[in-house]
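Shown next, in structure tokens, is the structure this report addresses.
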Amino acid sequence: MSRQMDIEQRLDQKRAQLNHILQQIRYAIADEHTEKLDALYSELAHYQDQFDLLYDELLQIKKRY
């Protein structure tokens, strides 16, 4: 179960990172900073991939128990 708790904690951290990036994207859109938007979208995609992998791993652990 500690593995599950570890993954849940990491998911919470990734969710916070995603929310932070989304907030930065909103600011960049409002200010029309296209270069900043491109960088933020790349960062967002990276964190989304990590989030998805962790979530899939968590689901596999939950299926075992």
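In UniProt numbering, the protein residues as written are 1 to 65. All residues carry an ideal CB built from backbone N, CA and C; glycine is no exception.
Exposed unless 16 or more other CB atoms sit within 10 angstroms - verdict on residue i
i: residue 40; result: buried
i: residue 135; result: With the chain covering 1 to 65 only, the question about residue 135 has no answer from this structure.
Collapsed DSSP secondary structure at residue i in the structure displayed
i: residue 32; result: coil
i: residue 65; result: coil
Candidates the options, of which the one nearest residue i by Cα
i: residue 49; options: 3, 15, 6; result: 15
i: residue 12; options: 64, 58, 63, 65; result: 58
Beta-carbon gap between residue i and residue j smaller than 8 Å
i: residue 47; j: residue 18; result: yes
i: residue 61; j: residue 10; result: no
Contact belief for residue i with residue j at Cβ below 8 Å, rounded distance in angstroms
i: residue 7; j: residue 54; result: 6 Å
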